[in-house]
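Protein chains in written order, with full-length UniProt numbering: chain A, 1 to 207; chain B, 1 to 207.
Number of protein chains: 2
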Amino acid sequence: MTRPAEVKSPWLSTAERAAERETKREAVLRTAVHFFNTRGFHSTSLNDVAAALEVTKPTIYHYFSSKDEILFECVRLGLEAIRDAGDQARERGGSGRDQLEALMLEYALVMTRDFGICVSRTSDDQLAPASRDRFRALKREINDSLQATIQAGMDDASLRPGDARIAAFTVAGALNWIARWYRPDGGMSAEEVTRGVVHTLLSGLTP
Amino acid sequence: MTRPAEVKSPWLSTAERAAERETKREAVLRTAVHFFNTRGFHSTSLNDVAAALEVTKPTIYHYFSSKDEILFECVRLGLEAIRDAGDQARERGGSGRDQLEALMLEYALVMTRDFGICVSRTSDDQLAPASRDRFRALKREINDSLQATIQAGMDDASLRPGDARIAAFTVAGALNWIARWYRPDGGMSAEEVTRGVVHTLLSGLTP
Chain A
1 MTRPAEVKSP WLSTAERAAE RETKREAVLR TAVHFFNTRG FHSTSLNDVA
51 AALEVTKPTI YHYFSSKDEI LFECVRLGLE AIRDAGDQAR ERGGSGRDQL
101 EALMLEYALV MTRDFGICVS RTSDDQLAPA SRDRFRALKR EINDSLQATI
151 QAGMDDASLR PGDARIAAFT VAGALNWIAR WYRPDGGMSA EEVTRGVVHT
201 LLSGLTP
Chain B
1 MTRPAEVKSP WLSTAERAAE RETKREAVLR TAVHFFNTRG FHSTSLNDVA
51 AALEVTKPTI YHYFSSKDEI LFECVRLGLE AIRDAGDQAR ERGGSGRDQL
101 EALMLEYALV MTRDFGICVS RTSDDQLAPA SRDRFRALKR EINDSLQATI
151 QAGMDDASLR PGDARIAAFT VAGALNWIAR WYRPDGGMSA EEVTRGVVHT
201 LLSGLTP
């Protein structure tokens, strides 16, 4: 059965409903991550998140089963952004050094943004056991990707030979730390900070 | 009044009592920091600490007023060890680069040990407000010292010119991160890991 062309259905299409659901889900996550980062996870209640969005707590529960699930989704978004940075760097090709630089610049930028900051502030023991295992697996995947990119650069001589595992942890520490000290109102843009840290890691401190 | 030379007092002298008190206090901190690092601060009770030392909880309260005070003392010991590393590096003299290398090697070693690990795992919001302010002040002091050492090296041209603030945060992140990934049973000694990270920071990743 088709409806007359002049009658527009006042109901949303399936695709529109899915898009609206996604928009609402994301608004919950963006609001929650802001509270987690500024007040801490334990000090944030779902009532705070609901009040900020001018809805009730049951509305939040329509999209997420628990505060733990919301925290996990926030760190997952941050970690997936870092993982995507690695995939994109590999797709662009170039030397190991070129790929590492592209990966580090994007990784560093993620750490200046809310979901990246949430990754840096969340410790394993804040998550429920099932989420914790997925959190650790994602972190391991990112570390393996970083280490493999460094190893590729050492193998093609575009990076200084050395222990790729130690180099990967040195890089990860410096990049993750950005989330702890970078302030958008601190006089430097996220891009300036990002380039500064990546340059320090690539070139070292000695002349 | 002096006692006959042949009679040794069975009571401890004032100095001996102070030393004994210090030994007991330290045993509480070393036991507590081990539980905090392996189980998390929130999951550790003072009953656990007392039981491990085969005393009762009131005995612990003879030395510390609260679990918060114990956590603060643990992070204070870690932070003071890093601060002392900076003081020693400056006293030894040499170029800014020499002082920075000495500081970083010792800072990195602290981060492989229990009190350093506790510093890395403790976030501001786990401490009571008064302790939090002292924790932040100590961290700021260490950051200022690291930045001043890097600036001195840039000024005497023993380090590559650049932004000493960004370089200090890059170094601090890489060193603090050691506490998150170093495992004593991971096949590398603390000294090997320490030298590897410091070498990466000084020499950079590019040839």
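All C-beta atoms in this analysis are idealised placements derived from N, C-alpha and C, irrespective of residue type, glycine included. Bear in mind that the values here come from a model prediction, so they are computed numbers and not experimental data.
First and last residue of the uninterrupted alpha helix (DSSP H) at residue i
{"i": "A/T170", "result": "164-181"}
{"i": "A/A61", "result": "Contrary to the premise, residue 61 of chain A reads as Tyr rather than Ala in this sequence. A/Y61 -> alpha helix (DSSP H) spans 57-61."}
{"i": "B/S203", "result": "190-203"}
{"i": "B/T38", "result": "14-39"}
{"i": "B/A51", "result": "46-52"}
Same chain, Cβ closer than 7 Å to residue i, five either side skipped, listed in chain order
{"i": "B/F36", "result": "T44, L71, C74, C118"}
{"i": "B/L107", "result": "In the sequence on display, residue 107 of chain B carries Tyr and not Leu. Answer for B/Y107: I82, A85, L175, listed in chain order."}
{"i": "B/V49", "result": "V28, T31, A32, F35, I60"}
{"i": "A/R180", "result": "S120"}
{"i": "A/R132", "result": "D124"}
{"i": "residue 209 of chain B", "result": "The shown model of chain B, from 1 to 207, leaves out residue 209 of chain B, and the question about it has no answer."}
{"i": "B/N143", "result": "A168, A172"}
{"i": "B/K24", "result": "Y63"}
{"i": "B/L202", "result": "E101"}
Sequence-distant residues of its chain with Cβ nearer than 6 Å to residue i (five each side left out)
{"i": "B/L46", "result": "K57, I60, K67"}
{"i": "A/W11", "result": "none"}
{"i": "A/M188", "result": "none"}
{"i": "B/F64", "result": "I70"}
{"i": "B/A128", "result": "D68"}
{"i": "A/Y182", "result": "T112, V193"}
{"i": "A/H62", "result": "none"}
{"i": "A/A89", "result": "Q99, A102, L103"}
Residues near residue i in its chain [Cβ-Cβ closer than 8 Å; skip 5 each side]
{"i": "B/E191", "result": "L109"}
{"i": "B/E80", "result": "L138"}
{"i": "B/R92", "result": "D98, Q99, A102"}
{"i": "B/T194", "result": "L105, A108, L109, T112, I178"}
Proximity test, residue i beta-carbon vs the ligand SAM heavy atom, cut-off 7 Å
{"i": "A/A164", "result": "No copy of the ligand SAM appears in this structure; indeed no ligand is present at all."}
- prompt: Which of the residues in the stretch 115-138 of chain B, read from start to end, lie with their CB under 8 Å from any CB of chain A?
  reply: Correct list: R121, S123, D125.
field: Secondary structure, alpha helix (DSSP H): runs of 4+ residues fully inside the stretch 78-141 of chain B
entry: 96-110, 114-121
Against chain A: residues of the stretch 82-102 of chain B by CB proximity under 8 Å: R97, L100
- request: Return the residues of the stretch 3-37 of chain B that lie within a Cβ-Cβ distance of less than 9 Å from chain A, sorted by chain order.
  value: Cβ contacts with chain A: none found.
message: Counting only Cβ-Cβ distances shorter than 8 Å, please list the residues of the stretch 163-180 of chain A near chain B, keeping chain order.
response: D163, I166, A167, F169, T170, V171, A172, G173, A174, L175, N176, W177, I178, R180
query: Quick one, which residues of the UniProt DNA-binding region "H-T-H motif" (45-64) of chain A are near chain B if we go by CB-CB under 9 Å, in chain order?
result: none
- request: Pull out every residue of the stretch 140-158 of chain B whose Cβ sits closer than 8 Å to any Cβ of chain A, in chain order.
  value: I150, G153, A157, S158
Members of the stretch 193-205 of chain B near chain A, C-beta cut-off 8 Å: Against chain A - using a Cβ distance shorter than 8 Å - the residues of the stretch 193-205 of chain B are V193, G196, V197, H199, T200, L201, L202, S203, G204, L205.
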